[in-house]
Amino acid sequence: MIEFKNVIRGYILGGEKWDLGPLNFSLPLNKSVCLLGPSGSGKSTLLHLLGGIESLTKGSIFVKNENISEDTEDERNAFRKENIGFVFQDFHLIKELTVYENIKISLDLNSKNLDITDKVCKKLIENILQKVGLEGKKNNYPYQLSGGQQQRVAIARAMVHEPKLLLADEPTGNLDAKTGETIIELLFDFKSEDTGLWCVTHDEKLAQKFDIIIAIADGKIESITKKPSY
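Counting from 92, one number per residue, gives the positions in the sequence shown under my numbering.
Structure, rendered in structure tokens:
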């Protein structure tokens with residue numbers, strides 16, 4: 092389960108102080124969840140709180156029965172590396188590294204896989220590149236790839252260590268509509284019965300693909316809508 096209990100996050104937006112929250116909800120870990128709302132509504136902040144990138148001001152966040160809000164920064168980093176994969180709007184690839192090297196970073200940083208051999212590491216990366224359709228691009232640098240290809244690399248990097256939760260922050264924001272649809276389909280391809288997918292967007296049409304829609308405005312949750320099949 093993922094549970095937010097009385098979560099508040101204070102932040103500055105446009106020179107003014109805003110609060111996200113209080114947030115109270117409990118959802119299964121293995122569902123697809125869309126955070127829907129306009130720019131500045133707080134949806135990315137909520138995602139970053141869940142992923143342990145930002146610290147909350149008050150309250151508690153539980154992921155898999157672990158209160159990550161009580162963890163030290165080192166503990167939170169370790170939890171994130173082992174359990175969470177992040178995909179960002181602007182890809183966050185390291186321009187000096189090849190596609191292969193960008194993905195390998197995820198394995199190098201993941202404490203679960205510190206003891207894997209070079210042979211196993213190579214196999215994991217080759218397998219994930221095949222899944223995202225970039226097996227022929229492993230020696231390319233980011234500048235040699237299209238936006239859609241760069242986002243595929245970012246997804247491969249996020250999923251190579253098989254996290255339990257995939258978090259995507261506006262993953263189609265820098266892509267044209269057709270490429271964006273392909274990227275969303277790819278994200279759902281990695282969604283399994285044991286894996287959760289959370290995605291930030293302001294696109295209402297895109298939001299309909301998800302099991303659960305959390306509508307956010309002005310730092311507050313307006314509604315939580317679940318599909319009939321949920």
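We treat Cβ as the ideally placed atom computed from N, Cα and C, and that holds for glycine.
Q | Per-residue burial, I185 [other beta carbons within 10 Å of its own, 16 or more giving buried] | A | The residue is exposed, with fewer than 16 neighbouring Cβ atoms inside 10 Å.
(Q) By the DSSP assignment, the beta strand (DSSP E) with K149 in it spans what residues? (A) K149 -> beta strand (DSSP E) spans K149 to V154.
(Q) Is A259 close to the ligand PLP? I mean its beta-carbon at under 8 Å from any heavy atom of the ligand. (A) You won't find the ligand PLP in this model; it holds no ligand whatsoever.
Q.
I'd like to know if the segment 107 to 127 and the segment 278 to 288 are in contact, where contact means that at least 3 CB-CB pairs between them fall below 8 Å.
A. Three or more pairs of CB atoms, one per stretch, sit closer than 8 Å, so the segment 107 to 127 contacts the segment 278 to 288.
Q | Own chain residues within Cβ distance below 8 Å of G150, not counting five before or after | A | The residues are F95, K96, N97, V98, I99, G112, P113, L114 and S160.
Q.
As a quick exercise: from A306, E295, R243 and L236, pick the residue whose alpha carbon is nearest that of E276.
A. Among A306, E295, R243 and L236, the Cα nearest to that of E276 belongs to R243.
(Q) Check for me: the alpha helix (DSSP H) holding D165 runs from which residue to which? (A) Under the DSSP assignment, D165 falls in the alpha helix (DSSP H) whose first and last residues are E164 to N174.
Q: Please work out which residues of its chain come closer than 8 Å, Cβ to Cβ, to Y145, disregarding the five sequence neighbours upstream and downstream, and give them in chain order.
A: In the sequence as presented, Tyr is not what sits at residue 145; that position holds Glu. Within the same chain, E145 has close Cβ partners R100, T136 and H139.
(Q) With the cut-off set at 9 Å, would you say V124 and D302 are in Cβ contact? (A) Yes. Within cutoff.
Q | Spatial neighbours of L220 in its chain, beta-carbon cut-off 7 Å, leaving aside the 5 residues before and after | A | Counting only residues of its own chain and dropping the five nearest sequence neighbours on each side, L220 has a CB closer than 7 Å to the CB of E226, K229 and A247.
Q. How many angstroms separate the CA atom of A245 from the CA atom of K122?
A. Straight-line Cα distance between these residues: approximately 21 Å.
Q | E313, enclosing beta strand (DSSP E) - first and last residue | A | For E313, the uninterrupted beta strand (DSSP E) run begins and ends at K311 to K317, by DSSP.
Q) In whole angstroms, what separates the C-alpha of D309 from that of Q299? A) Approximately 22 Å, taken between the alpha carbons.
Q. For G264, which three-state DSSP category applies?
A. G264 falls in the coil class under three-state DSSP.
**Q.** Residue nearest to P254 in terms of C-alpha spacing, selected from N156, N174, K222 and S132
**A.** Looking from the CA of P254, the closest CA among N156, N174, K222 and S132 belongs to N174.
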